[in-house]
Ligand SMILES: C[S@@+](CC[C@H](N)C(=O)[O-])C[C@H]1O[C@@H](n2cnc3c(N)ncnc32)[C@H](O)[C@@H]1O
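Numbering (the working numbering), first residue to last: -11 to 218.
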């Protein structure tokens, strides 16, 4: 994946920024807390030990939405540090509200395209776990190129993860789940813990998020995948 900023700008993005409804409270949270909790891509990778003020296991949530997973896990696991990547302003606002309300010191927000952040911000071998829960599926054939998870993306992500780290994924779209499993199973650095060609049991600790509830309401089955980094 290219590190050239011009090439990065040309890349087809996995999201479309719409003028979604933002509540006054979310707006206030963005004004009051974004500066404090957001970390942004610079010219070189960040020193995460300096940012969090300690050395600790690091978890990245990609497409955190309003932060249901990260807020819950960060409160339950103060021994870990969490990075939550999200581009949708109302979601970021809710996440910031949650961080401030919970007095959580172990979360930082990446309010930009996670691909750009992985390229310029997150150092190599920095992550113990990465989570991608209910990524936008882009189900129409003509939108397939917008899907976040492809071989190029996995190639980049695995360089930011430590050996024996874990990559957790979940989606309620069967076709997307099968596509991700095919990509993951074929990747030389990923080992499907359920066995090649199998989905994993739902991890009991994975909190139900808004998009999982939506999938269930639509009658969709939910598919989990867990990979270990070789
Ligand atoms: C369907 S939502 C799921 C949110 C949350 N994980 C959940 O389970 O409720 C997918 C989210 O991924 C975010 N997203 C998509 N592509 C992204 C990217 N390249 N960088 C950061 N966030 C992205 C979208 O803005 C959206 O909020």
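Here a beta-carbon is modelled for each residue, glycine too, at the ideal position from N, C-alpha and C.
Rounded to the nearest angstrom, the Cβ distance from residue 155 to residue 178 is 7 Å, consistent with a contact under 8 Å. Relative to ligand 1, the beta carbon of residue 198 is positioned inside 6 Å of a heavy atom. Here residue 23 carries a helix assignment [DSSP, helix/strand/coil]. If you draw a straight line from the Cα of residue 24 to the Cα of residue 87, it comes to about 11 Å. Uninterrupted alpha helix (DSSP H) stretches at least 4 residues long and entirely within the region 98 to 147 occur at 102 to 108, 139 to 147, given in chain order. Residue 74 has its Cβ nearer than 6 Å to a heavy atom of ligand 1. A straight line joining the alpha-carbon of residue 18 with that of residue 84 spans about 7 Å. Taking the Cα positions, residue 58 is about 32 Å away from residue 130. If only uninterrupted beta strand (DSSP E) runs of at least 3 residues are considered, those enclosed by the region -4 to 84 are 46 to 50, 69 to 73. Look at residue 212 here: in three-state DSSP terms it is strand. In the three-state scheme derived from DSSP, where H, G and I count as helix and E and B as strand, residue 86 is classed as helix. The alpha-carbon separation between residue 32 and residue 103 amounts to approximately 15 Å.
Spanning the alpha carbons of residue 144 and residue 106 requires a straight line of approximately 7 Å.
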